[in-house]
Amino acid sequence: MVVTRFAPSPTGYLHIGGLRTALFSYLWARKNNGKFVLRIEDTDKKRNSEEATEAILKAFEWLGLEADGEITYQSKRDAIYAKYIQQLLDEGKAYKCYMSKEELDALREEQMANKERAKYDGRYRDFDGTPPEGIEPVIRIKAPLSGEIVVHDGVKGDIVFQAEDILDDFVIARADGSPTYNFVVAVDDALMGINEVIRGDDHLSNTPKQIVVYEALGFDIPKFYHVPMIHNQQGKKLSKRDGATDVMAYKEMGYLPEALLNFLVRLGWSHGDQEIFSMEEMKELFDPKDINKSASIYNTEKLDWLNAHYIKNTSNEKLTELLTEFGVVLSSHDKKEILLDALKERAKTLKELALMVEEIIQTPTSYDEKAVKKAFKGNAIEILEVFANRLEEADELHLPSDYHHVMEKVIEEMEIGFGKIGQPLRVALLGKMGGPGLDVVMAVLGRDETLSRIAKAVLTHTVDD
Ligand code: GLU
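Numbered by the working numbering, the letters in the sequence shown go through residues 19 to 483 in order.
#1: What does residue 241 pair with, by DSSP beta-bridge criteria?
#2: My assumption, with CB atoms under 8 Å, is that residue 156 sits in contact with residue 189. Please give the rounded CB distance.
#3: Would you report the Cα separation of residue 287 and residue 311, rounded to the nearest angstrom?
#4: Okay, do the stretch 20-40 and the stretch 213-226 touch, 3+ Cβ pairs below 8 Å being the bar?
#5: Are the beta-carbon atoms of residue 26 and residue 103 separated by less than 9 Å?
#6: Determine the burial state of residue 149: buried for a count of at least 16 other Cβ atoms within 10 Å of its Cβ, exposed for fewer.
#7: Does the distance from the CB of residue 367 to the CB of residue 271 come in under 9 Å?
#8: Counting beta carbon pairs with one atom in the stretch 124-141 and one in the stretch 89-97, are three or more of them shorter than 8 Å?
#9: On the CB-based measure, 16 or more other CB atoms within 10 Å of its CB, does residue 28 come out buried or exposed?
#10: Which residues does DSSP list as the beta-bridge partners of residue 221?
#11: Give me the pocket residues for ligand 1, defined as CB within less than 6 Å of any heavy atom, sorted by chain position.
#12: Short of 8 Å in beta carbon distance, which residues of its chain neighbour residue 161, apart from the five on each side in sequence? Order them along the chain.
#13: Out of 259, 350 and 297, which has the shortest C-alpha to C-alpha gap to residue 318?
#14: Taking a contact to mean a Cβ-Cβ separation below 9 Å, would you say residue 307 touches residue 337 in this structure?
#15: Are residue 169 and residue 237 touching if we call contact CB-CB under 9 Å?
#16: Look at the Cβ atom of residue 309, then the Cβ atom of residue 175, and state whether they are nearer than 9 Å.
#17: Please look up how many angstroms separate the CB atoms of residue 461 and residue 418, rounded, as I've assumed it's under 8 Å.
#18: Could you work out which residue in 61, 276 and 108 is closest to residue 91 when comparing CA atoms only?
#19: Per DSSP, which residues does residue 22 bridge with? Please list them.
#20: Any contact of the stretch 370-381 with the stretch 398-414, i.e. 3+ C-beta pairs under 8 Å?
#21: Buried or exposed: which applies to residue 251, given that a residue is buried once 16 or more other Cβ atoms fall within 10 Å of its Cβ?
#22: Give the DSSP-derived three-state secondary structure of residue 166 in the structure shown.
#23: What do you get for residue 468, buried or exposed, if any count of 16 or more other CB atoms within 10 angstroms of its CB means buried?
#24: Quick one: give me the first and last residue of the alpha helix (DSSP H) that residue 365 is part of.
#25: Report back the beta-carbon spacing between residue 356 and residue 424 to the nearest angstrom; my notes put them in contact at under 8 Å.
#26: Quick one, are the C-beta atoms of residue 276 and residue 297 less than 9 Å apart?
#27: Under 9 Å, do residue 428 and residue 394 count as touching if we go by C-beta distance?
#28: Who are the near neighbours of residue 438 in its chain, counting only those whose CB is closer than 7 Å to its CB and skipping five residues on each side?
#29: Going along the chain, which residues of its own chain have a beta-carbon closer than 7 Å to the beta-carbon of residue 440, five neighbours each way excluded?
#30: Is the beta carbon of residue 167 sitting closer than 9 Å to the one on residue 106?
#31: Taking the CB atoms as reference points, tell me whether residue 300 and residue 32 lie closer together than 9 Å.
#32: Does DSSP put residue 44 in a helix, a strand or coil?
#33: Among 322, 202 and 279, which has the Cα closest to the Cα of residue 304?
#34: DSSP state of residue 326, grouped into three classes?
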């Protein structure tokens, strides 16, 4: 059974890169009817916070990414790590190192002066003398100091590391007894039965060390997939300015979870030239062997395009519910179907949709000056007055087509082009140019509100002229 995991360190919010590897891990587990587990790597007490853990879990909930089983917290596993450290000590695979900070600094300086790589020189590796007084030892693992360590990577192929270039007997437990990152990751992945690790390639340099731990403890080494980073349009690592921000900020900006997940699955993974993937399709088609070998490029227009697609395909009922988070309550509006049918074709985000709705249902409090100048020329006022009269006379006014019909009648009667009525009417109803079809706007407003907005505009612009 395939068991994957997402193992965030709760030092801050969940960002786009982290979410992408979480999604890949989730999809791969689901595709294989396996398990996707969540492990919170909260051992760094100074940098971790409970709020950050909460934020990560909230983001998962928003996106509908469900983890299997209980969440594992590394902070609760000290006894487990201590047991394995003791085992390595007992088996002579790890040892206590009494080097003082001064000695370590001196060694570093000497190595730097000789233009050598800074590494521990193994002076306590075979030590069996009397330990120096007053020094709490760290525990170092006996790493292979020559030969090759090969990472069989599912994305990048076999990566061969020369032990002498990258390894030394690295610390697995600090002087205060706390275990180090590469040690706990390997122990946990093994004990949790993780057999496929999908993570960012910024972790690739840790992998040989983790392999040393697996081998020392006799654990099976999982399959690794190191996913290339996400870059901005300039080819640099994604920064906050480019959108590498809190995943929940995307919610606030009005992105739908479906759109964000679809966007992320295509960042570094492809299936032919398909762009739109439902969750079901992602689960069916995702395969880490198709992860691209090069960095992917973050593209906001693509995200907007996907979001527009998913908004268009969201039911009006669901949109009504989602819009409440943007301060728009449409639940009892009798024309919400007409309104949303028209506007959801045009909105890139829910925030934009909310704004469009407000611009229609709220009576304009001012008029855009440029638009007024353009629209209220010649006999615009007269045209609006005739149009208002015909609206009052009409029997049935419900659908956009009913209003359209009245507009056509006036166009014919007054022998004018559409623009002559369209422009002043638009400014009268919305205060500015732009927006959806006027017939839709009027059907949503209803006869009384339409007439009242026209009357107000006629009054305002007659006085102005
Ligand atoms: N906790 C690590 C991080 O947040 C990830 C560890 C891993 O994926 O192996 O960067």
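The beta carbon of each residue, even a glycine, is placed where N, CA and C say it ideally should be.
Please read all numbers here as calculations on a predicted model, not as lab measurements.
Taking the structure as given:
#1: 214
#2: 5 Å
#3: 9 Å
#4: yes
#5: no
#6: exposed
#7: yes
#8: no
#9: buried
#10: Partner(s): none; residue 221 has no beta bridge.
#11: 25, 26, 27, 59, 203, 217 and 221
#12: 181, 185, 186, 187, 188, 227 and 230
#13: 259
#14: no
#15: no
#16: no
#17: 4 Å
#18: 61
#19: 54
#20: no
#21: exposed
#22: strand
#23: buried
#24: Here residue 365 belongs to no alpha helix (DSSP H), and DSSP marks it neither H nor E.
#25: About 16 Å; that fails the 8 Å criterion.
#26: yes
#27: no
#28: 401
#29: 456
#30: no
#31: no
#32: helix
#33: 279
#34: helix
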